[in-house]
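Input: a single structure, listed below in structure tokens.
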Amino acid sequence: MIEIKDLCKNYGDKKALQNLTLTIKSGEIFGFLGHNGAGKSTTLKSLVSIIEPTSGTITVDGLDLKANRQKIKEKIAYVPDTPDIFLQLTAGEYWDLLAAAYQLSEDDVAKRRHDLIELFDMGAHVDETMASFSHGMRQKSILIGALLSDPDVWILDEPLQGLDPQAAHDLKELMKAHAAKGKTVIFSTHVLDTAQQLCDELAILKKGQLIYNGSVADLRAQHDNQSLEDIYLGMAGRQDDGHLVDNIEGDEHE
Amino acid sequence: MNKQQLRALMSVDLRLANPQVTDRYRKKGKTGAALTKKLTNQFVYNTIIFILIYGFTMFMLDFSKMPGMFTFYVGLFVLLGISQSISSIYNVFFAGKDLASYLPLPFREKEIFFSKTLIVFLNVVPFTLPLLLLFFYTGWRFGIFIPLAIILAIVVFLLIMALVFLICALIVFGLTKTKLFQHHKNAVMSGLMAITMIIAVAGILLMNGSNNYAGAGASFDRAPITLLLPIYQIFKAPISLASGEGWLGLIALLSLFAALLKYQVLPNLSEQLTQVNTTEVNNANPHKKARRRQTKLVPILDAYNRQLLKEPNLLLQVLSSSIMMPLIFILTFAMNGSAFNFGQLPVKWFGVFFVGGLVFAAMTVNQTALIANLISLDRENFEFVRSLPISMKQYLHRKFQLGFFFQVMINILMLLIAAITFKMPLVLLASLIVGVIWGTYLMCLHYFRRDYRLRITNWTNITQLFNRGGGNLALVATMFGSIIIGGVIVAAYAVVVGTTKLALLANVIALSVVLIVSIWFWLRSQKKFWRLFD
């Protein structure tokens with residue numbers, strides 16, 4: 033279980049996160065929704081120790097993140113929003129690095145690595161440098177690396193971007209299967225359908241503040257079963273009735 | 013420290029520290045453990061080569077009678093060590109931009125830094141190991157019991173290596189604390205690497221130039237470098253009052269630098285380096301005045317192209333091939349007392365100087381020149397620009413003009429230095445400059461087209477660009493080829509002009525050949541490159 037309490041992150045005068053408090057239970061898929069700059073990535077990066085919060089606490093299975101960083105990192109695998117990391121390495125070398133980071137033995141990792149490579153159709157690219165890959169292939173390489181350690185907590189920042197439909201489908205199935213094993217999957221997305229399909233619980237952020245935390249079903253029940261898009265835009269969106277679009281495109285589009 | 017993790021981190025760092033060698037082995041199909049082994053072996057080969065070359069030379073000399081030569085070699089290898097150390101620190105800690113990527117992984121900070129430090133150390137050792145031999149030979153020649161001479165040599169070598177490393181760490185990591193570095197990382201790093209290189213080359217030239225050999229005794233020696241003499245005393249009489257100055261000096265400097273590093277640099281270093289690794293996305297300065305909005309294409313393209321030049325390794329390469337190499341030639345000739353005095357040469361030599369300018373351009377513009385990489389520096393932007401409704405010809409032309417201007421200015425500056433050094437008459441200087449401008453233009457046409465033909469837009473290290481085509485071998489062949497062939501042409505031309513009465517005829521023939529070749533070259537470049545964008 034992950035508990036986030038009064039988490040704040042300031043960049044100079046800008047408040048990226050304001051007193052975020054929520055609980056993510058083991059075995060659930062938890063989604064963060066919000067516009068660009070709402071604080072989704074900041075929250076995820078705080079969870080994986082990339083960002084040091086200005087104040088507040090994060091505990092994972094009762095352990096304080098700040099005091100037990102190394103131990104907690106061993107439980108977590110992270111898929112960043114831009115897969116442009118370790119581009120100098122081949123995909124195979126990147127997975128070797130990850131295996132060493134999580135101290136996995138050759139025997140532990142061989143079968144899992146083979147299956148993941150098969151699933152994401154990366155067999156022909158193991159010895160190619162990540163720099164030569166397309167966005168989607170880099171994303172697949174990082175997904176494979178993240179799953180090598182079969183992490184207790186799998187955190188993904190906009191994971192479906194750049195993936196082909198087959199890989200996107202496979203990834204969603206993997207996320208469900210991972211959570212079904214009692215492990216936690218946390219992700220951020222802009223795609224409301226994906227959130228609706230996958231999330232046991234979701235958090236909607238707006239300008240660094242939590243404006244909803246609960247299940248999709250509860251959210252829809254609270255809003256007369258409207259579509260998630262309508263509810264989301266009503267809560268987090270701009271209230272302009274399409275005037276700005278009219279200004280740009282004229283009235284013809286109506 | 014976990015061995016599995018340390019090995020994995022060192023494998024990554026080995027690749028970052030040696031991008032050129034990594035790229036070469038990758039082209040041969042080496043990856044993973046096989047590549048790591050090859051890269052490790054590279055250190056061993058480098059070390060063996062250095063030891064063999066310098067070991068043999070040093071073995072022939074009796075340093076116990078040559079304090080000047082002893083201090084010269086110490087100075088030489090310390091300078092090489094510092095230069096190598098700074099570029100390695102840049103490659104391992106900054107160029108790879110990997111520090112932020114380690115943050116979510118369960119590596120310990122000390123493992124990451126230890127592995128990087130170790131690789132920097134490994135990179136420097138081959139260049140400094142001859143010092144160990146020098147120390148051992150010197151102790152041995154002074155009659156110190158061999159096992160003791162070995163121990164003494166190792167101790168002093170390690171102290172000096174530590175000193176070199178501390179100096180470099182203080183400079184580089186100290187700089188990361190400054191606001192200037194945080195906002196202009198590439199520019200500061202380029203400047204630092206250039207300064208280090210200039211100091212190393214200038215130092216070696218100065219040491220070479222101090223030819224006032226102290227030949228009073230039987231031995232043939234050079235004047236010693238006073239600052240380094242205390243180290244010599246350590247081997248002359250290790251346990252004596254005279255050597256105390258050397259021991260104390262080394263230990264005091266080490267302690268001072270170590271304390272500075274510990275208390276001034278190390279606190280918060282990892283956070284700062286990680287921040288520097290990621291500042292590209294966060295370095296917007298809210299207090300900076302908003303740049304005036306440009307709507308005209310040409311100034312925008314110029315501003316954009318100028319931004320591309322802030323790549324430290326590229327600037328270092330430009331500095332080395334276009335500035336340092338000619339400068340070394342000029343200074344070497346000037347210092348050896350054999351400087352040519354062109355002051356009395358008559359005007360009939362103008363053709364020789366014009367061809368000399370062409371040859372100079374051929375020597376300095378090669379695959380590592382700015383113009384030869386300017387299109388690839390665009391990275392993915394190049395393909396994006398192709399999708400925009402702007403003329404590619406205009407886009408490339410503007411790029412070419414910038415690269416040509418940059419290159420021609422450097423070449424003219426170098427020739428002006430040569431003209432002053434060798435007292436060149438104005439007419440001949442003008443001819444030389446016209447030659448270098450025309451030669452640079454032709455070479456730029458060639459290398460700009462080559463860059464387009466072999467362009468890589470997904471490069472991760474600039475050395476990948478330098479290795480295109482025939483790689484290092486082609487680079488060396490082109491450089492030496494142009495020096496040798498150009499040298500022969502200029503020499504033959506000079507002999508004809510200087511010793512026969514056929515100067516006028518030779519000038520007419522030479523200029524006609526240049527004209528015909530130039531026209532052919534220009535037309536070919538138009539047909540094969542520029543017209544593609546009409």
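In the order they appear, the protein sequences are chains D and Y.
Mapping of the first sequence onto the working numbering: residues 33 to 286, in sequence order.
Mapping of the second sequence onto the working numbering: residues 13 to 546, in sequence order.
All residues carry an ideal CB built from backbone N, CA and C; glycine is no exception.
Problem set entry | Contact list for the stretch 79-99 of chain D against chain Y, Cβ threshold 7 angstroms | Val80, Ser81 and Ile82
Exercise. What is the rounded straight-line gap between the Cα of leucine 145 of chain Y and the Cα of isoleucine 163 of chain Y?
Worked result: By 1-based counting over the second sequence, the position of residue 145 of chain Y is 133. By 1-based counting over the second sequence, the position of residue 163 of chain Y is 151. One C-alpha to the other measures close to 12 angstroms.
Exercise. With distances taken from CA atoms, which of D/Ala211, D/Lys239, D/Glu190 and D/Ala163 is nearest aspartate 184 of chain D?
Worked result: Along the first sequence, read from residue 1 onward, the residue named residue 184 of chain D stands at position 152. Relative to aspartate 184 of chain D, the option among D/Ala211, D/Lys239, D/Glu190 and D/Ala163 whose CA is nearest is D/Ala211.
Exercise. The stretch 48-81 of chain D: which residues have C-beta closer than 7 angstroms to a C-beta of chain Y, in chain order?
Worked result: Within the stretch 48-81 of chain D, contact with chain Y at the beta-carbon level (separation under 7 angstroms) is assigned to Val80 and Ser81.
Problem set entry | Backbone secondary structure at aspartate 139 of chain D - three-state DSSP | If you number the first sequence from 1, residue 139 of chain D lands on position 107. Of the three classes helix, strand and coil, the one that applies to aspartate 139 of chain D here is helix, per DSSP.
For this session: For isoleucine 117 of chain D, return the contacting residues in chain Y, with the cut-off set at a CB-CB distance below 7 angstroms.
Result: As a first step, residue 117 of chain D must be located in the first sequence, where it is residue number 85. Under the 7 angstroms cutoff, chain Y gives Ser113.
For this session: Please check the pair cysteine 180 of chain Y and isoleucine 237 of chain Y, which I expect to be a contact at CB under 8 angstroms, by giving their CB distance rounded to whole angstroms.
Result: Locating residue 180 of chain Y in the second sequence gives position 168, counting from the first residue. Locating residue 237 of chain Y in the second sequence gives position 225, counting from the first residue. So it is not a contact: roughly 20 angstroms between Cβ atoms.
Problem set entry | threonine 472 of chain Y at chain D interface by Cβ criterion, 7 angstroms | Position 460 of the second sequence, counting from 1, holds the residue named residue 472 of chain Y. Yes, its Cβ sits closer than 7 angstroms to a Cβ of chain D.
For this session: Would you kindly check if the distance between the Cβ of methionine 455 of chain Y and the Cβ of alanine 518 of chain Y is under 7 angstroms?
Result: The residue labelled residue 518 of chain Y in the question sits at position 506 within the second sequence. The residue labelled residue 455 of chain Y in the question sits at position 443 within the second sequence. Alanine 518 of chain Y places its beta carbon 7 angstroms or farther from that of methionine 455 of chain Y.
For this session: Determine, using beta carbons only, whether alanine 163 of chain D comes closer than 7 angstroms to chain Y.
Result: On the first sequence, residue 163 of chain D is found 131 positions in, with the first residue counted as 1. Yes, its Cβ sits closer than 7 angstroms to a Cβ of chain Y.
Exercise. How far does the alpha helix (DSSP H) with cysteine 180 of chain Y in it reach, from first residue to last?
Worked result: Stepping through the second sequence from its first residue, residue 180 of chain Y is reached at position 168. Its alpha helix (DSSP H) spans residues 158-188.
Exercise. Are there 16 or more other CB atoms within 10 angstroms of the CB of isoleucine 263 of chain D, so buried, or fewer, so exposed?
Worked result: Locating residue 263 of chain D in the first sequence gives position 231, where the first residue counts as 1. Flag for isoleucine 263 of chain D reads buried.
Exercise. At a CB-CB cut-off below 8 angstroms, which residues of chain D make contact with phenylalanine 119 of chain Y?
Worked result: Working through the second sequence from its first residue, we reach residue 119 of chain Y at position 107. Result: Ala133.
For this session: Quick one: measure Cβ to Cβ for tryptophan 450 of chain Y and leucine 370 of chain Y, integer angstroms, because I've assumed they're closer than 8 angstroms.
Result: For the purposes of this step, residue 450 of chain Y is taken as the residue at position 438 of the second sequence. For the purposes of this step, residue 370 of chain Y is taken as the residue at position 358 of the second sequence. So it is a contact: roughly 7 angstroms between Cβ atoms.
Problem set entry | Beta-carbon proximity of phenylalanine 133 of chain Y to phenylalanine 147 of chain Y, cut-off 7 angstroms | Counting from 1 along the second sequence, the entry for residue 133 of chain Y is found at position 121. Counting from 1 along the second sequence, the entry for residue 147 of chain Y is found at position 135. No, the Cβ-Cβ distance between phenylalanine 133 of chain Y and phenylalanine 147 of chain Y is not below 7 angstroms.
Exercise. Which partner residues of tyrosine 244 of chain D appear in the DSSP bridge assignment?
Worked result: For this step, residue 244 of chain D is matched to residue 212 along the first sequence. DSSP lists D/Ile236 as partners of tyrosine 244 of chain D.
For this session: Rounded to whole angstroms, what's the CA-CA distance from valine 397 of chain Y to phenylalanine 139 of chain Y? Just pull it up for me.
Result: Start at 1 with the first residue of the second sequence, and residue 397 of chain Y comes out as number 385. Start at 1 with the first residue of the second sequence, and residue 139 of chain Y comes out as number 127. Straight-line Cα distance between these residues: approximately 44 angstroms.
Exercise. For tyrosine 43 of chain D, does the three-state DSSP call read helix, strand or coil?
Worked result: Your numbering for residue 43 of chain D matches position 11 in the first sequence. Residue state, collapsed to three classes: strand.
Problem set entry | Candidates Y/Ser252, Y/Asn317, Y/Val330 and Y/Leu182: closest to serine 550 of chain Y by CA position | Residue 550 of chain Y lies beyond the range of chain Y shown here (13 to 546); nothing can be said about it.
Problem set entry | Cβ of glutamine 17 of chain Y within 7 angstroms of any chain A Cβ | In summary, chain A is missing from the structure at hand, where the protein chains are D and Y.
Problem set entry | Beta-carbon contacts of leucine 240 of chain Y that lie in its chain and below 7 angstroms, excluding the five residues immediately before and after | As a first step, residue 240 of chain Y must be located in the second sequence, where it is residue number 228. These residues qualify, in order along the chain: Thr83, Val86 and Gly87.
Problem set entry | Complete runs of the alpha helix (DSSP H) confined to the stretch 380-424 of chain Y [at least 4 residues] | Counting whole runs of 4 or more residues, the stretch 380-424 of chain Y contains the alpha helix (DSSP H) stretches 393-399.
For this session: Could you tell me the distance, in whole angstroms, from the CA atom of cysteine 231 of chain D to the CA atom of lysine 172 of chain D?
Result: Position 199 of the first sequence, counted from the first residue, corresponds to residue 231 of chain D. Position 140 of the first sequence, counted from the first residue, corresponds to residue 172 of chain D. Between cysteine 231 of chain D and lysine 172 of chain D, the C-alpha separation is close to 22 angstroms.
Exercise. Just the Cα atoms here: how many angstroms apart are valine 158 of chain D and glycine 256 of chain Y?
Worked result: Residue numbering aside, residue 158 of chain D sits at position 126 when the first sequence is read from its first letter. Residue numbering aside, residue 256 of chain Y sits at position 244 when the second sequence is read from its first letter. Near 58 angstroms, if we compare the C-alpha coordinates of glycine 256 of chain Y and valine 158 of chain D.
Problem set entry | Three CB pairs or more closer than 8 angstroms across the stretch 469-476 of chain Y and the stretch 25-35 of chain Y | yes
Problem set entry | Cβ distance (whole Å) where leucine 49 of chain D is taken to contact cysteine 40 of chain D below 8 angstroms | Position 17 of the first sequence, counted from the start, is the residue given in the question as residue 49 of chain D. Position 8 of the first sequence, counted from the start, is the residue given in the question as residue 40 of chain D. Sure, about 6 angstroms apart at Cβ, within 8 angstroms.
For this session: Flag isoleucine 34 of chain D as yes if its beta-carbon sits less than 7 angstroms from any beta-carbon of chain Y, otherwise no.
Result: Walking along the first sequence from the start, residue 34 of chain D turns up at place 2. No, isoleucine 34 of chain D does not count as interfacial toward chain Y.
Exercise. Nearest CA to the CA of glycine 498 of chain Y: which residue from Y/Ile60, Y/Arg318, Y/Gly368 and Y/Asn353?
Worked result: The count along the second sequence starts at 1 and reaches residue 498 of chain Y at position 486. The residue with the shortest Cα to Cα distance from glycine 498 of chain Y is Y/Gly368.
Exercise. In three-state terms, what does DSSP make of glutamine 120 of chain D?
Worked result: If you number the first sequence from 1, residue 120 of chain D lands on position 88. Correct three-state label for glutamine 120 of chain D: coil.
Problem set entry | Same chain, Cβ closer than 8 angstroms to valine 176 of chain Y, neighbours up to 5 away in sequence not counted | On the second sequence, position 164 is the one that residue 176 of chain Y refers to. Cβ neighbours of valine 176 of chain Y beyond the five flanking positions: Val90, Gly93, Ile94, Ser97, Val136 and Thr140.
Exercise. In chain Y, what lies closer than 9 angstroms to aspartate 128 of chain D by C-beta?
Worked result: Mapped onto the first sequence, residue 128 of chain D falls at position 96. By Cβ distance, chain Y contributes Ala20, Ser23, Gly44 and Ala45.
For this session: Compute the beta-carbon to beta-carbon distance between tyrosine 244 of chain D and proline 116 of chain Y, rounded to the nearest angstrom, for a pair I have assumed lies under 8 angstroms.
Result: Position 212 of the first sequence, counting from 1, holds the residue named residue 244 of chain D. Position 104 of the second sequence, counting from 1, holds the residue named residue 116 of chain Y. Going by Cβ atoms, the distance from tyrosine 244 of chain D to proline 116 of chain Y rounds to 27 angstroms, so no, they are not a contact pair.
For this session: Evaluate contact between the stretch 97-111 of chain D and the stretch 139-149 of chain D, counting only Cβ atoms and requiring at least three cross-stretch pairs below 8 angstroms.
Result: no
Exercise. Is the Cβ of proline 279 of chain Y closer than 7 angstroms to any Cβ of chain D?
Worked result: One-based indexing of the second sequence puts residue 279 of chain Y at position 267. Closer than 7 angstroms: no.
Problem set entry | Option nearest glycine 269 of chain D by Cα separation, candidates D/Val248, D/Asn279 and D/Leu237 | Within the first sequence, the letter at position 237 stands for residue 269 of chain D. Nearest C-alpha to glycine 269 of chain D: D/Leu237.
Exercise. From which residue to which residue does the beta strand (DSSP E) around isoleucine 187 of chain D run?
Worked result: Locating residue 187 of chain D in the first sequence gives position 155, where the first residue counts as 1. Where isoleucine 187 of chain D is concerned, the enclosing beta strand (DSSP E) starts and stops at 185-189.
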